[in-house]
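Taking it in order: structure first as structure tokens, then the write-up.
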Amino acid sequence: MFEEEVDGFVIEEANAKAHREAVFRSSVIFVLVIVAAFFIAPFISYLSNDLITPSIAFMVIYLIDFFMIFIIYRYFKEKLFRKYLEEYKRKSQKD
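Here our numbering = 1-based position in the sequence shown + 324.
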């Protein structure tokens, strides 16, 4: 997108900054879902009339969350990379 307008250092810097923030944000979401699973799993067991035990419900939520984290990370990284690249572009135009 901006490859021809900015140098390689700016792209690497924006990529590194986006990676750090995306890892942090996706990790926070991962932990929040795991904490929520402790409250959701017994409720799922109650709704299924004990056909699904809370431990199985928790494991299913954990597996879904584990695979979902990669999708969330890629979304945040792409979004933040564009944001930081445009920010660096604006700074270079001011100079």
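Where is the CB? At the ideal position from N, CA and C, for every residue including glycine.
All values derive from a computational prediction rather than experimental measurement.
- In this structure, DSSP gives ASN373 a state outside helix and strand, which the three-state scheme calls coil.
- Pairwise C-beta distances place the segment 399–417 out of contact with the segment 357–375, as fewer than three of them are shorter than 8 Å.
- TYR370 has its alpha-carbon roughly 34 Å from the corresponding atom of PHE348.
- For the 8 Å CB-CB criterion, ILE385 and ALA361 form a contact.
- Distance from the CA of ASP389 to the CA of ALA340, rounded to the nearest whole angstrom, comes to 25 Å.
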